[in-house]
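Here is the structure we will look at, set down as C-alpha cells.
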Amino acid sequence: MSDTILQVNDIHKSFDGTGVLRGVSLEIREGEVVVIVGPSGCGKSTLLRCINGLETIDKGEIWLRDEKISGRAKDFHVVRQKIGMVFQSYDLFPHMKVMDNLLLGPTKALGKPRQEVEQEALQMLERVGLKEKAHVYPRTLSGGQKQRVALVRAMLMHPEILLLDEITAALDPEMVSEVLNVVIDLARGGMTMAIVTHEMRFAEAVADRVLFLEEGVVLEEGTPEAFFHAPATERAQRFLQSFTYASKRGKTEVQPKNTFGD
Amino acid sequence: MQDLGISVLFKGINFQRLLGGLWVTLRLALITIGLSCLFGLLFGLLMLSKRKIVQFFCRVWLEIVRFMPQLVLLYLVYFGFARLFGWDLDGETSAVIVFTFWGTAEMGDLIRGALTSIPLHQTESAAAIGLTKGQVYRYVLIPQTLRRLLPQAINLSTRIIKTTALVKMINVTEVLKVGQQIIGQFYRQPDTAFWVYFVIFLLYFIVCWPFSLLAKQLEKRWA
Ligand SMILES: Nc1ncnc2c1ncn2[C@@H]1O[C@H](COP(=O)(O)OP(=O)(O)OP(=O)(O)O)[C@@H](O)[C@H]1O
Ligand SMILES: [Mg+2]
Chain H
1 MSDTILQVND IHKSFDGTGV LRGVSLEIRE GEVVVIVGPS GCGKSTLLRC
51 INGLETIDKG EIWLRDEKIS GRAKDFHVVR QKIGMVFQSY DLFPHMKVMD
101 NLLLGPTKAL GKPRQEVEQE ALQMLERVGL KEKAHVYPRT LSGGQKQRVA
151 LVRAMLMHPE ILLLDEITAA LDPEMVSEVL NVVIDLARGG MTMAIVTHEM
201 RFAEAVADRV LFLEEGVVLE EGTPEAFFHA PATERAQRFL QSFTYASKRG
251 KTEVQPKNTF GD
Chain P
263 MQDLGISVLF KGINFQRLLG GLWVTLRLAL ITIGLSCLFG LLFGLLMLSK
313 RKIVQFFCRV WLEIVRFMPQ LVLLYLVYFG FARLFGWDLD GETSAVIVFT
363 FWGTAEMGDL IRGALTSIPL HQTESAAAIG LTKGQVYRYV LIPQTLRRLL
413 PQAINLSTRI IKTTALVKMI NVTEVLKVGQ QIIGQFYRQP DTAFWVYFVI
463 FLLYFIVCWP FSLLAKQLEK RWA
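Protein chains in written order, with my numbering: chain H, 1 to 262; chain P, 263 to 485.
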C-alpha cells in the first residue's frame with residue numbers, strides 16, 4: 001500500500017451563493033493518475049484551483065501528505081512549490097526565452113544554482129523533443145510546443161503532484177497527441193497526477209482511476225475499464241454518449257481511434 | 263549691404279543664450295517627467311483601487327486635467343495662488359506644480375492601462391510555480407508592464423517637453439522667450455524672426471526626435 005499524496009475531504013465552494021463544489025472528497029496515492037471528467041461547468045477547474053490555493057474553500061479540508069494546506073493563508077507559495085499545475089491557456093511568460101521560463105521557478109522559488117537546473121532543463125526539453133527551442137521566445141512556438149514547455153516547467157519543480165486542467169483544449173487537433181503523449185510518458189515515469197480532460201481516449205489510456213463529477217459532486221468513481229465500458233449511473237452513460245457519433249449508414253457507433261498508450 | 267538675419271545668431275553670445283534657454287526648458291521638463299513617473303505610479307495604483315469612491319476621484323482628476331488648457335492652470339497657480347494664499351511662487355515652481363499635476367494623471371492612466379493589460383493567468387501561472395507575491399511582481403508582472411508602458415511614457419515625455427513652451431507666459435525665460443528677446447534687440451534686421459524661430463524649431467526637433475525614434479524602436483522590439 002503506497003502513501004497518500006493528496007487527500008480532499010468533503011470540500012464545498014460557492015461563487016456568489018451558487019454551490020459549485022458541494023461536498024467533494026478525493027484521495028490520490030503516490031504514483032497514481034486520477035482523471036476527472038464531467039460536463040462543462042460541473043466544477044472540475046474549480047476543484048483543481050482549490051487544491052492549488054487559487055481559490056479558497058468554504059468548508060472541508062485539503063491535505064498534502066501529512067500537512068493540512070486548506071485554510072492556510074500565509075506562505076502558500078511554499079505549498080505551490082510542491083504542486084505543479086498547467087492550465088488550458090498558454091501561460092508561458094512572453095518576455096522570457098524558453099530556458100528562462102523553465103529556470104524561473106527552480107532558481108528563484110527554490111534557490112537552486114542556475115547551471116545545475118539548466119542541465120536538467122535541457123535533458124527534459126530533449127525528452128519532449130524541444131531541445132533546439134531552449135533559446136527562443138515563446139511567441140515563436142506552436143500551441144503544442146508551448147504546452148510541452150509548460151509541462152517541463154512544472155516538472156522542473158519536482159512537484160509531489162501535477163494538476164493538469166484541460167491542457168489540450170485550446171490546441172488544434174493535430175497537436176493534441178504530441179502533448180498528451182508527454183503526459184503518458186510522465187505517468188509511466190511514476191508521476192502522481194490529477195488530470196481534467198475532454199479527451200476520453202486519452203483519459204482511458206492514462207487513468208488509474210476515473211472520477212465523474214457532476215454539479216459539484218462525485219457521481220461515479222472507478223477504474224477506466226469500468227467507467228468507460230460499463231458506467232454505473234445513467235448520467236455517466238449519457239455523458240459518454242455525447243462523445244460518439246451515430247454513423248450515417250448503419251447503427252454502429254464511430255469513435256476516434258485510440259492513439260495513446262499501450 | 264545688409265547682413266542676412268541668420269548672422270544675428272552668431273553675434274555676441276546669442277547662440278549660447280538660446281542654448282541656455284533650451285536648458286531651462288529641458289530642466290523643467292525633466293523635473294516634471296521624473297515627478298510624474300513617481301506620483302504617476304502611486305496614482306496608477308490608486309486608480310486600481312477596488313473602492314468606488316477612490317476610483318471616482320481619480321476619474322475626476324484625470325478628466326479635469328484633460329479638458330483644462332494647461333495655460334489656464336498655469337495662470338491659476340502663478341497668479342491665483344499668489345493672491346489667494348499669499349504664496350510667492352516663482353514661474354518655474356508654478357510650472358513644475360502644474361505640469362506634474364497634469365503628468366501624474368496622464369502617466370497614472372498609462373500605468374493603470376499597462377497593469378490591467380496583463381492577463382490574470384500570467385499571475386496565476388507564476389504563482390503556480392511557487393513564487394512569492396513579490397517575486398510574481400518582480401519577475402513576471404513588472405517586466406511585462408514596463409514593456410507596454412515605456413513607449414507610451416516616452417511619447418508622453420515628448421508632449422511634456424513641447425508643452426513647457428507655455429511657461430514663457432508666466433515669465434520663465436526658456437528658449438522661446440530668449441528667442442523673442444533676441445528678435446527684440448535686432449528688430450532692425452527684418453528676417454531675424456524667421457531665423458531665430460527656425461533655429462528654435464531645430465532645437466526642439468533635435469531634442470524630441472530621438473525620443474520618438476526610441477519609442478518606435480522599443481514598440482517594435484517588444485511587440
Ligand atoms: N471566479 C468565479 N466567479 C464566479 N463563478 C465562477 C468562478 N469560477 C467558476 N465559476 C462558476 O463555477 C462553475 C464551475 O466552473 P468550473 O470552471 O469549475 O467548471 P468546469 O467543470 O471546469 O467547466 P469546463 O469544462 O467548461 O472547464 C461554472 O458555472 C462557473 O461559471
Ligand atoms: Mg474548466
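Just so you know, even glycine gets a beta-carbon here, dropped at the ideal spot from N, CA and C.
C-beta contact flag for H/L164 and H/V183 at 8 angstroms
yes
Per DSSP, cross-strand counterpart(s) of H/D165
H/V196
Span of the beta strand (DSSP E), counted from its first residue to its last, around H/G222:
V217 to G222
If you measure from each residue's Cβ to the nearest non-hydrogen atom of ligand 1, which ones come out under 5 angstroms, in chain order?
H/F15, H/V20, H/S40, H/G41, H/C42, H/G43, H/K44, H/S45 and H/T46
From P/A390 to H/R80, what distance separates their C-alpha atoms?
6 angstroms
Any non-hydrogen atom of ligand 2 within 7 angstroms of H/D91 CB:
no
P/L303 to H/A170, Cα distance in whole Å?
36 angstroms
Flag H/E214 as yes when its Cβ comes closer than 7 angstroms to any non-hydrogen atom of ligand 2, and as no otherwise.
no
Quick check: is any heavy atom of ligand 2 less than 7 angstroms from the C-beta of H/D165?
yes
With 16 other CB atoms within 10 Å as the buried threshold, where does P/S356 fall?
buried
If the cut is a Cβ gap below 9 angstroms, which residues of chain P does H/N181 touch?
The premise fails here: H/N181 is roughly 22 angstroms from chain P at the closest Cβ pair, so nothing lies under 9 angstroms.
Helix, strand or coil at P/T394 according to DSSP, with G and I counted as helix:
coil
Is the beta carbon of P/G306 closer than 8 angstroms to that of P/G370?
yes
Three or more beta-carbon pairs under 8 angstroms between the stretch 317-337 of chain P and the stretch 378-392 of chain P, yes or no?
no
Partner residues on chain H for P/L412, Cβ-Cβ distance less than 7 angstroms
Within 7 angstroms Cβ-Cβ: nothing; P/L412 doesn't reach chain H, min ~12 angstroms.
Run down chain P in chain order and give the residues with a C-beta less than 7 angstroms from the C-beta of H/Q81.
G392
Determine, for H/K13, whether the minimum Cβ-Cβ distance to residues of chain P falls below 8 angstroms.
no
State buried or exposed for H/K131, treating a residue as buried only when at least 16 other CB atoms are found within 10 Å of its CB.
exposed
Compute the distance between the beta-carbons of H/F202 and H/A236, then report whether it is under 8 angstroms.
no
If we cut at 8 angstroms on Cβ distances, does P/E481 have a partner in chain H?
no
Using DSSP's beta-bridge definition, name the partner residues of H/G84.
H/L162
Helix, strand or coil: how does DSSP classify H/A73 here?
coil
Verify whether the separation of the beta carbon atoms of P/E354 and P/V434 is less than 8 angstroms.
yes
Give a yes or no on whether the minimum CB-CB distance between P/V402 and chain H is below 8 angstroms.
yes
Short Cβ contact (8 angstroms threshold) for H/A154 with H/V196:
no
Bounding residues of the beta strand (DSSP E) (the contiguous stretch that carries H/S14)
T4 to F15
Is it buried or exposed, H/A230, if we count other Cβ atoms within 10 angstroms and call 16 or more buried?
exposed
What residues in the stretch 100-119 of chain H bring their beta carbon closer than 8 angstroms to a beta carbon of chain P?
L104, G105, K108, A109 and L110
Taking its Cβ as the centre, do 16 or more other Cβ atoms sit within 10 Å of H/E126, making it buried, or is it exposed?
exposed
Taking 8 angstroms as the cut-off, does the stretch 432-448 of chain P touch the stretch 273-281 of chain P (at least 3 CB pairs, one atom from each stretch)?
yes
Should P/A415 be flagged as near chain H, meaning a C-beta pair shorter than 8 angstroms?
no
So H/M85 contacts chain P; which residues on that side make the cut at Cβ distance below 7 angstroms?
A390
Count the other C-beta atoms from every protein chain shown that fall within 10 angstroms of the C-beta of H/E166, then say buried if there are 16 or more, exposed otherwise.
buried
Just confirm the distance between the C-beta atoms of H/E30 and H/T168, as a whole number of angstroms; I'd bet it's less than 8 angstroms.
The pair is not a contact, with the Cβ atoms about 25 angstroms apart (cut-off 8 angstroms).
Run through DSSP, which three-state label would P/V469 get?
helix
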